[in-house]
């Protein structure tokens, strides 16, 4: 479906070709929404056309505007030229026609299939600790970009790589062996991921204690760190795991199962799901054959000690190890192998990794190596890099137990939602079950919206209290707007009004402004998908909700001044509700039917 901006570009290109016998493509014409201080709806930027057409901005604007008005009466009613900008006023009939065609379409905004297959990898938890606040931003970004790309017409698969092996897992295992006395999540009534995470913190506490003891006995800091008994035990456990020692494998499986049960509970709470889960314990040997292939192609080279490297200095990077001298792989090798496996398994055209910005260099190297190896879809590796989330109190550290667990944040958000809702007196007529559901929807909505409204690349500070405000740039404000729209339709006794055609031929400024914003929804989805940026949707849907509330406050809907006005405002309200619901779903946020 061609949107209004595309129509203006096409009409302008046709006009220029007709007026000046100059071939200009529609895509090369820049059209923006007219700034509020000027008269008009959309603005054609003339500066880029002046050199080719050899006219002054004023002359070009007046000639082009006159032609467009005379030859597109169904689309344009007026124009004005200010410096290098042609401001066009769009006919009310166009907006009314748009409204009639789309007001009841619950799928408005969903693009036609592109035939493109995309994989979005996100979450990537470690099985030595529960999900925390940083994981929440990762999960919300990953889920949202998956849904946005689907809305833009792509076939999208979500995936997760679970980091279930390595020294960090061994640390939790050793601490449990030494200090748990056989305790389990069940016996302690502790959620599995929290239970294992507590032993990761316990390991670090013990490690610090042993370092201090060795230093007091005369060891240097470095030697104390190497010789601390608990660290040596963890390192031996890792070797035993790699050797497949049965009792170590059994303990590893048991503790990971505890963690997975905890993860699943959190994922269910936040609405995260994956089409494919990869486990590092299964993938860490991937890429070994690609190292051999790279040596044969002279992409990699071998040093005298047997280690294998790639020299990326000509590409502005440095030398990178891809296989250790003992023959074991490194993270980059596993990622190369997994990238190849994903493409082979799913035939993907784009491979998106949602990973924090501390890994920017890693993904530059990964993409470059895959390109040099000639792997399919190597050019389409995309790192959706995001900044860290901090609390007003500062940074968090897992091993010191200062991280805010995801479950604790979720519980706090539900409690704040309860408190704010009760303060506003919005709980009458709800059963206890309905209230529990409402607080969940509001709390999670506030949390997700707050973390997604900021461009991914930016670092951010999360303030729970600020995120739940029924009057600000927040999820609950938009959720309340949706509930308000639904309340309008619950009051209508004659539902046939929604099926009646619009008779009015003129629009008030607020009616027109709201329809204009609604019409921009598909373009907002396309922009968010192209830029891999859910904040575009968050900003769009907030603008829509804010404008609707102004419309609601200033113009009567059910008691409109005429039947025609009542019908058109109901149509406007219906499509506004549909678009808010769709846009919020792209952010992973539910909207309540009533509040």
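In my numbering, the protein residues as written are 298 to 892.
Think of the CB as a built atom: it goes at the ideal place given N, C-alpha and C, for glycine as much as any other residue.
Here the structure is a predicted model, which means the values were calculated and not measured.
Within 8 Å, strictly: CB atoms of residue i and residue j
i	j	result
residue 746	residue 872	no
residue 917	residue 530	For the chain, the structure presents residues 298 to 892; residue 917 sits outside this window and is missing.
residue 683	residue 438	yes
residue 319	residue 349	yes
residue 552	residue 498	no
residue 765	residue 714	yes
residue 669	residue 678	no
residue 879	residue 406	yes
residue 341	residue 355	no
residue 617	residue 662	yes
residue 832	residue 749	yes
residue 413	residue 646	yes
residue 393	residue 424	no
residue 825	residue 834	yes
residue 875	residue 447	no
residue 411	residue 450	yes
Buried or exposed by the 16-neighbour rule on C-beta atoms within 10 Å, applied to residue i
i	result
residue 376	buried
residue 503	buried
residue 534	buried
residue 554	exposed
residue 598	exposed
residue 847	exposed
residue 325	exposed
residue 884	buried
residue 692	Legend: pLDDT at residue 692 = 48, less than 50; position of this residue unreliable, value from coordinates given subsequently. So residue 692 counts as exposed.
residue 593	exposed
residue 344	exposed
residue 426	buried
residue 440	buried
Length of the line joining the Cα atoms of residue i and residue j
i	j	result
residue 881	residue 891	16 Å
residue 694	residue 566	Only weak support exists for where residue 694 lies, its pLDDT of 47 falling under 50; the value from the coordinates is given anyway. Approximately 24 Å, taken between the alpha carbons.
residue 513	residue 526	15 Å
residue 773	residue 454	29 Å
residue 419	residue 578	18 Å
residue 782	residue 870	6 Å
residue 819	residue 751	20 Å
residue 282	residue 581	The question about residue 282 has no answer here: the residues shown for the chain are numbered 298 through 892.
residue 361	residue 369	12 Å
residue 672	residue 584	12 Å
residue 628	residue 609	17 Å
residue 762	residue 563	22 Å
residue 588	residue 660	18 Å
residue 696	residue 501	Reliability of the predicted coordinates at residue 696 is poor, the pLDDT of 44 falling under 50, and the value obtained from them is presented with this limitation in mind. Straight-line Cα distance between these residues: approximately 6 Å.
residue 862	residue 809	13 Å
residue 603	residue 622	5 Å
residue 768	residue 509	53 Å
residue 856	residue 865	12 Å
residue 771	residue 721	16 Å
residue 635	residue 572	16 Å
residue 734	residue 785	22 Å
residue 473	residue 481	9 Å
residue 469	residue 475	10 Å
Whole-angstrom C-beta distance between residue j and residue i, which should lie under 8 Å
i	j	result
residue 335	residue 816	So it is not a contact: roughly 19 Å between Cβ atoms.
residue 702	residue 429	6 Å
residue 421	residue 652	7 Å
residue 305	residue 328	5 Å
residue 576	residue 417	Going by Cβ atoms, the distance from residue 576 to residue 417 rounds to 18 Å, so no, they are not a contact pair.
residue 754	residue 654	7 Å
residue 605	residue 776	Not quite, the Cβ-Cβ distance comes to about 54 Å (not below 8 Å), so this is no contact.
residue 346	residue 357	6 Å
CB contact below 8 Å: residue i versus chain C
i	result
residue 336	The structure shown contains no chain C; it is built from a single protein chain.
Contact test: residue i Cβ vs the ligand FMN heavy atom, cutoff 7 Å
i	result
residue 476	Of ligands this structure carries none, so the ligand FMN is not represented either.
So within the stretch 413-478, which uninterrupted beta strand (DSSP E) runs reach at least 3 residues, ignoring any that extend past its ends?
Fully enclosed beta strand (DSSP E) runs of 3 or longer: 414-418 and 452-459.
Segments of 3+ residues assigned as beta strand (DSSP E) that fall wholly inside the stretch 559-633
If we require 3 residues or more, the beta strand (DSSP E) runs fully inside the stretch 559-633 come out as 573-576, 605-608 and 616-620.
Could you give the uninterrupted runs of the alpha helix (DSSP H) lying entirely in the stretch 831-891, keeping only those of 4 residues or more?
Counting only runs of 4 or more, we get 832-851 and 860-883.
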